[in-house]
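A.B. asks:
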Amino acid sequence: MAPILQLRALKAFYGQSEVVHGLDVDVEEGGMTVLLGANGAGKTTTLRAICGTVRSEGEILFAGERLDRRTTEQIAALGVAHVPEGRGTFIGLTVEENLRLGAYTRAGRPDANMQRMYGYFPILAARHRQQAGSLSGGEQQMLAIARALMMAPRLLVLDEPSFGLAPRIVEDIFTIVERIRQEEHVSVLLVEQNASLALELADHAYLIETGYVVASGSAKALADDPQIRRSYLGY
Amino acid sequence: MHQFSQQIFSGLAAGAIYASLALALVMIYRATELVNFAQGEMAMFSTYIAWSLVNGGVPFWAAFVITLVVSFLGGMAIERVLVRPVENAPVLAAVVVTIGLALIFNSLAGWIYSYTVQDFQSPFPDRPVLGALITTRDLGVIGVTLVMLFLLFAFFRFTATGLAMRAAAQNPESARLCGIPVGRMLAIGWGLAATIGATAGIMVAPVLFLDPNMMGGVLVYAFAGALLGGITSPLGAVIGGLIVGVTENLVGTYLIASQLKLTVAFALIILVLVFKPNGLFGTAIVRRV
Chain D
140 MAPILQLRAL KAFYGQSEVV HGLDVDVEEG GMTVLLGANG AGKTTTLRAI CGTVRSEGEI
200 LFAGERLDRR TTEQIAALGV AHVPEGRGTF IGLTVEENLR LGAYTRAGRP DANMQRMYGY
260 FPILAARHRQ QAGSLSGGEQ QMLAIARALM MAPRLLVLDE PSFGLAPRIV EDIFTIVERI
320 RQEEHVSVLL VEQNASLALE LADHAYLIET GYVVASGSAK ALADDPQIRR SYLGY
Chain G
14 MHQFSQQIFS GLAAGAIYAS LALALVMIYR ATELVNFAQG EMAMFSTYIA WSLVNGGVPF
74 WAAFVITLVV SFLGGMAIER VLVRPVENAP VLAAVVVTIG LALIFNSLAG WIYSYTVQDF
134 QSPFPDRPVL GALITTRDLG VIGVTLVMLF LLFAFFRFTA TGLAMRAAAQ NPESARLCGI
194 PVGRMLAIGW GLAATIGATA GIMVAPVLFL DPNMMGGVLV YAFAGALLGG ITSPLGAVIG
254 GLIVGVTENL VGTYLIASQL KLTVAFALII LVLVFKPNGL FGTAIVRRV
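Taken in order, these protein sequences are the chains called D and G.
Following the working numbering, the numbering of the first sequence begins with 140 at its first residue and continues without gaps.
Following the working numbering, the numbering of the second sequence begins with 14 at its first residue and continues without gaps.
#1: Quick one, which residues of the stretch 111 to 131 of chain G are near chain D if we go by CB-CB under 9 Å, in chain order?
#2: If you pair each beta-carbon of the stretch 54 to 61 of chain G with each one of the stretch 286 to 295 of chain G, do three or more pairs fall below 8 Å?
#3: With H, G and I counted as helix, E and B as strand and the rest as coil, what does DSSP make of Q270 of chain D?
#4: Just grab the DSSP bridge partners of A344 of chain D for me.
#5: Assuming G238 of chain G contacts V220 of chain G under a Cβ cut-off of 8 Å, what Cβ separation, rounded to an integer in Å, is found between them?
#6: Find the residues of chain G that neighbour T172 of chain D, judging by a C-beta separation of less than 9 Å, and give them in chain order.
#7: What's the C-alpha gap between T184 of chain D and R266 of chain D?
#8: Cα separation between V110 of chain G and F50 of chain G?
#9: Just to confirm, is the Cβ distance from L336 of chain D to F313 of chain D under 8 Å?
#10: Helix, strand or coil, according to DSSP, for G293 of chain D in the structure here?
#11: Along the beta strand (DSSP E) that carries T131 of chain G, what are the first and last residues, could you check?
#12: Excluding the 5 residues flanking P300 of chain D on each side, which residues of the same chain have their C-beta closer than 6 Å to its C-beta?
#13: Quick one: measure Cβ to Cβ for G272 of chain D and L304 of chain D, integer angstroms, because I've assumed they're closer than 8 Å.
#14: Output needed in chain order: residues of the stretch 175 to 191 of chain G with a Cβ under 7 Å from some Cβ in chain D.
#15: Tell me, please, whether the CB atom of P72 of chain G is closer than 8 Å to any CB atom in chain D?
#16: How many Å lie between E46 of chain G and A358 of chain D at the Cα?
#17: How should E236 of chain D be labelled, buried or exposed, when 16 other C-beta atoms within 10 angstroms of its C-beta is the threshold for buried?
#18: Name the residue from D:R194, D:V222 and D:S156 whose alpha carbon lies nearest to the alpha carbon of V327 of chain D.
#19: Is the Cβ of F313 of chain D closer than 8 Å to any Cβ of chain G?
#20: In angstroms with no decimal places, state the Cα-to-Cα distance between A282 of chain D and E317 of chain D.
#21: Return no unless some Cβ of chain D is closer than 8 Å to the Cβ of I200 of chain G.
#22: Taking a cut of 7 Å between CB atoms, which residues from the stretch 200 to 219 of chain D lie near chain G?
#23: Buried or exposed: where does A64 of chain G fall if 16 or more other Cβ atoms within 10 Å of its Cβ makes it buried?
#24: V219 of chain D by DSSP, collapsed to three states: which one?
#25: At 3 residues or longer, what runs of the beta strand (DSSP E) sit wholly inside the stretch 227 to 267 of chain D?
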């Protein structure tokens, strides 16, 4: 299938300093692509460049449209849903209000979509009147993903959904993400520290070090690479 | 006892004005962490617009509505043209912009309308009612304020735009990721704040009389109310404003000369800042890096 997202010679900056030095990344339509790498490799910055929250150079093509030079809100309206590092839920608003905000760019009443989200994440239905800040870390991550899906996006961008969560909850979340990818026909671009779990679920993987792609290929090929196994999988 | 109750009620009428202006301050503070020192002068200028319309023969309530619309658009324009450029500047720069704005409006009003004190007719007759506890004019002021507060509450609670504005104030980056145009939300916030201020100005003008400096004292009381309630809490601003109005009236009647009433507001501001910096309902703002 054709890639839904293409990064071409992407450079990204924090203030004046260049953090990402020219990446070429393809995200296949309907698939799950993962960016792996150590802390500070430039994974989060790459995601932020896609969504226009940091300055970038190079080309970002999404379903034939240039995303670079567009504003973050325009990019969201085109169908890119970003669940940022630290989840970015509106902690002072209720669960239901958070979900409604996810549907901001969609015309019409969001109720049917909301019910579908409650189907994926029953715990959110039980807590729909609670303030998002009162949820546990795992529940907040679920809320952040559900809110992103309320946009009915074509591309779901997840930045370390496992961060700070217990292993069992991480597995729950990834199981649901995999189900959502199939049922909602959404492509997923994932940044993840938990390399073994990510390589199990993803089709394609890119290994990033200090702002460069140092290895890429099918997730299986990367998982079998002895050097990657030693450095990132620990066996 | 009767006099005491009377003072409480007329304090509530004054408090309703302070509550409105305090609410306008809090709305802008929550959205941009900026204290708008021009809020009072913007309200004064709006009041002059209403006054010229009424003098030109427009019926009062029509002039009232036209003024609110003009103020809304004016508030949005101010945000776009003057506040947006200093959005990412140090907070002092933005504060200086609002102080400059206050001076501009003050001078502009003096230039256009002169500094002569004008009479502004209240739409409500000034008759004592309820066993002379309160006048119909004060009741009218409280009523108009309550209606406005209720409409605002409904707007923020039940409309998509209101929810988006709350989200944009709370977490601008996440709001953008949801596709919410945060800049437009800020402009609407300034528009609404200007509209609330205009209502307060028009309601207070019959009592204070209209002149370019009429809102100076009111703004200080509104600050006191907003700080007392907690500068981050809209409900707190309303309650704080009412408390300030009643306190000011009682203290001015029983304890000190009424010429010294404004001191009460300053004393209150200092007490709150020293002993309860987050006010009654506010939350501490934690800066995330």
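Every residue gets a Cβ at the ideal spot worked out from N, C-alpha and C, and that includes glycine.
C.D. replies: In short, the structure shows the following:
#1: none
#2: no
#3: strand
#4: Beta-bridge pairing links A344 of chain D to D:V173 and D:G356.
#5: 17 Å between Cβ atoms; not a contact.
#6: In chain order: nothing, as chain G lies at least about 20 Å away.
#7: 33 Å
#8: 9 Å
#9: yes
#10: Before going on, a small fix: residue 293 of chain D reads as Arg here, not Gly. The three-state secondary structure of R293 of chain D, taken from DSSP, is coil.
#11: Correcting the residue identity first, residue 131 of chain G is Gln in this sequence and not Thr. Counting along the chain, Q131 of chain G falls outside any beta strand (DSSP E), and DSSP gives it neither H nor E.
#12: Q280 and I312
#13: About 17 Å separates the two Cβ atoms, so there is no contact after all.
#14: L176, A177, R179, A180, Q183, N184, E186, S187, R189, L190 and C191
#15: No, no contact with chain D.
#16: 46 Å
#17: buried
#18: D:V222
#19: no
#20: According to the sequence as given, residue 282 of chain D is Leu; it is not Ala. Whole-angstrom Cα-Cα distance: 16 Å.
#21: Looking at the sequence shown, residue 200 of chain G is not Ile but Ala. Not one beta carbon of chain D lies nearer than 8 Å to the beta carbon of A200 of chain G.
#22: T211, E212, A215 and A216
#23: Checking the displayed sequence, the identity of residue 64 of chain G turns out to be Trp instead of Ala. W64 of chain G is buried by the Cβ-count criterion.
#24: strand
#25: Whole beta strand (DSSP E) segments, 3+ residues: zero.
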